[in-house]
Amino acid sequence: MLDAGDTFQGGIESNLSEGALVVDAYNTLGYDALAIGNHEFEYGALDTASSDGDPFDMRGALKAAAARARFPFLAANVIDEATGNPVAWPNVRPSTMVDAAGLRVGIVGVMTYGGLRNTLAANVQGLATAALAPTVEAEARQLRQRGADVVVVLAHAGGWCERFDDPADLSSCGDDAEIFRLARQLPPRLVDAIVAGHTHAAVAHVVAGIPIIQAYARGAAFARLDLTVEPGAGVVSSRVFAPQGLCAAVDPGGDCQAGGAPPAPYESAPVEPDASVVAAMRPELERVRRWREAPLGIALETPVTRNRDGLESPLGNLFADAILAAVPEADVAIGMGARRGGLRTDLPAGALTRGSLYDVFAFDNRVVTLVLTGAQLRQVLAAQVVRGRRGLPSVSGLRVRVNCQGESPEVEVVRPSGDPIDLAESLIVATTDFFAARVSFGSAAPQTAWASAPLVRDAAAGWLTARGGRLRGADLANPPRWEPFDGDACLD
1035 MLDAGDTFQG GIESNLSEGA LVVDAYNTLG YDALAIGNHE FEYGALDTAS SDGDPFDMRG
1095 ALKAAAARAR FPFLAANVID EATGNPVAWP NVRPSTMVDA AGLRVGIVGV MTYGGLRNTL
1155 AANVQGLATA ALAPTVEAEA RQLRQRGADV VVVLAHAGGW CERFDDPADL SSCGDDAEIF
1215 RLARQLPPRL VDAIVAGHTH AAVAHVVAGI PIIQAYARGA AFARLDLTVE PGAGVVSSRV
1275 FAPQGLCAAV DPGGDCQAGG APPAPYESAP VEPDASVVAA MRPELERVRR WREAPLGIAL
1335 ETPVTRNRDG LESPLGNLFA DAILAAVPEA DVAIGMGARR GGLRTDLPAG ALTRGSLYDV
1395 FAFDNRVVTL VLTGAQLRQV LAAQVVRGRR GLPSVSGLRV RVNCQGESPE VEVVRPSGDP
1455 IDLAESLIVA TTDFFAARVS FGSAAPQTAW ASAPLVRDAA AGWLTARGGR LRGADLANPP
1515 RWEPFDGDAC LD
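Reading the sequence shown from the start, the letters are residues 1035 to 1526 in the numbering used here.
Structure below.
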């Protein structure tokens, strides 16, 4: 059994134990290897003091999870810039060899080339990614030299397809997907199979003679590939199975929901919880249940939704207001938007709890500041107004007027009162560390200081608790903070 990464982050049960709960379950189930994904870095330093851990090591939680596992974490193309070699932490290595059905199976683990740009910047300083194809080729050749009968690539990189009735038919697939490019760049018969991930989509196809499997995300499905191997001849045939859904119901965050309806059957057989895994997880799950039910002291008369007419997001505005309130010296704030990936579900009507807020934003992003001029702020916001972007970033402490008539959007930025913000004015901008790491100008605190900044989720909880009473979703979208003028085509 293999896992293609992004194994821990996003689920409250895993997050509160920094991945230990998942590792314990995988140990019991007998996993063989895991590829490190970009979200594995997001826990940063260990929250719990350890006698042998460095409290300032921003990869401490990941290293602790790897050391806890009875299977290796693989990262052949994650490079330590200080040495120029793949990272060499306890139980983290480029590849591994396992015995299966009397065969020696070599497994190479890699991460998407842009993975380190899609995690918390402070936690990956000093790391880089190497190109996938040459890394896989070199490591696979070494595994063959060591006697591997079969070589599998375990990749936190992926693709997407919409139909799974014919593994040879790629017409429903994204032909330029990273994992397809990798398959086409490898020498024939060097690699026998690829297990993919990262894109939250599915693949069950053969590309350049290599079968590739990938099964969506969040535990919703299981990917299976059968290889037939003959002694001396290697892999002589393969059977790629369509992704098998295992999830009978989902929770508000899109994860498989425990309890309620029984899981979907697998090959006509019922899927039953493993008693030993359930027993091992029970104490931690009970602790999480109590934590989730803690009230925030505020009730919503109506849901606060992620999206309003495809443009700005009432829920994003709530988070932007909370980010601004968390930094008293800040002039304005830039937060998340309607469809930008961080906000996973709507806030439901009724009394809010820690758990309902966690379902919305499960990531450990932090509130940091930038110093920008008015002109730079305009430039940052204009860059977000591009057709095809996943919604507009929410803002607080300002209004943005957009002219879509020219070749590129023109942005005017004013205060909520309508007073203009001068182009030369210096502004303290509160935002997330994820957003700040992608702004190429202005000044910011060193990223090493971001680790002690407040969590965005805690800022939102504090903002809600301080308000108390009741709140309506419409209050967060009226008046609008993004206003088109002279046409709004670029805001579609």
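Virtual Cβ for every residue (Gly too), placed ideally from N, Cα, C.
Residue state for VAL1322 is assigned as helix, using DSSP reduced to three classes. For VAL1402 against ASP1492, the beta-carbon gap comes to about 14 Å, at or over 8 Å, which does not count as contact. In the structure shown, the three-state DSSP call for GLY1350 is helix. One Cα belongs to ASP1365, the other to LEU1461, and the distance between them is close to 6 Å. In the displayed model, ALA1059 falls within a helix according to three-state DSSP.
The Cβ-Cβ distance between ASN1072 and THR1130 does not fall below 7 Å. Within the same chain, no Cβ atom closer than 6 Å to the Cβ of ARG1093 is found once the five residues on either side in sequence are excluded.
An exposed status is given to GLU1264, since fewer than 16 other beta-carbon atoms sit within 10 Å of its beta-carbon.
Contact check for GLU1517 against VAL1322 fails: the beta carbons are separated by 7 Å or more. In the DSSP assignment, the residues bridged to ALA1162 are ILE1113. Within the same chain, and ignoring the five residues on either side of GLY1408 in sequence, the residues whose Cβ sits closer than 7 Å to its Cβ are VAL1447, ILE1455, ASP1456, LEU1457, ALA1458, GLU1459, LEU1461. Around the CB of MET1035, fewer than 16 other CB atoms lie within 10 Å, so the residue is classed as exposed. Collapsing the DSSP output to three states places ASP1037 in a strand. Per DSSP, the continuous beta strand (DSSP E) segment holding PHE1519 begins and ends at 1516-1519.
At a cut-off of 3 residues, the continuous stretches assigned as beta strand (DSSP E) that sit fully inside the segment 1386-1468 are 1401-1407, 1427-1430, 1433-1437, 1444-1448, 1460-1466.
Residue ranges of uninterrupted beta strand (DSSP E) with 3 or more members, entirely inside the segment 1149-1220 and ordered along the chain, are 1161-1163, 1184-1190.
ALA1235 and VAL1186 have their C-alpha atoms roughly 20 Å apart. For a cut-off of 8 Å, the C-beta gap from GLY1193 to GLY1231 is around 10 Å, too long to register as a contact. Short of 8 Å from the beta carbon of PRO1304, and not among the five residues preceding or following it, lie these beta carbons of its own chain, in chain order: PRO1296, PRO1297. Cβ atoms of VAL1170 and LEU1216 come within 8 Å of each other, at about 7 Å. With 16 or more other Cβ atoms inside 10 Å of its own Cβ, ASN1351 counts as buried. Sorting LEU1063, LEU1150, LEU1055 by C-alpha distance to the C-alpha of SER1310 places LEU1063 at the top.
Contact check between the segment 1329-1339 and the segment 1496-1503: three or more CB pairs, one atom from each, fall below 8 Å, which counts as touching. Going by C-alpha positions, GLY1148 is about 18 Å away from ASN1119. Its chain contains ARG1400, VAL1401, VAL1402 as the residues whose beta carbon lies nearer than 6 Å to that of ALA1487, once the 5 sequence neighbours on both sides are disregarded; these appear in chain order. The three-state secondary structure of ARG1104, taken from DSSP, is coil. Counting only the Cα atoms, GLY1268 lies some 11 Å from VAL1139. In the DSSP assignment, LEU1259 falls outside any alpha helix (DSSP H) and lies within the beta strand (DSSP E) extending over 1259-1264. Under the three-state reduction of DSSP output, ASP1492 falls in the helix class. By the neighbour-count criterion, in which 16 or more other beta carbons inside 10 Å mark a residue as buried, ARG1515 falls on the buried side. Between the alpha carbons of ALA1471 and ALA1155 lies a gap of roughly 6 Å. The closest CA to that of GLU1173, considering only LEU1161, LEU1150, GLN1159, ILE1141, is found on ILE1141.
TYR1300 is bridged by DSSP to ALA1303.
For ILE1046, the uninterrupted alpha helix (DSSP H) run begins and ends at 1046-1049, by DSSP. In this structure ARG1340 is buried. Its beta-carbon is surrounded by 16 or more other beta-carbon atoms within 10 angstroms. For LEU1261, the closest alpha carbon among the candidates LEU1426, MET1370, VAL1241, ASP1183 is that of ASP1183.
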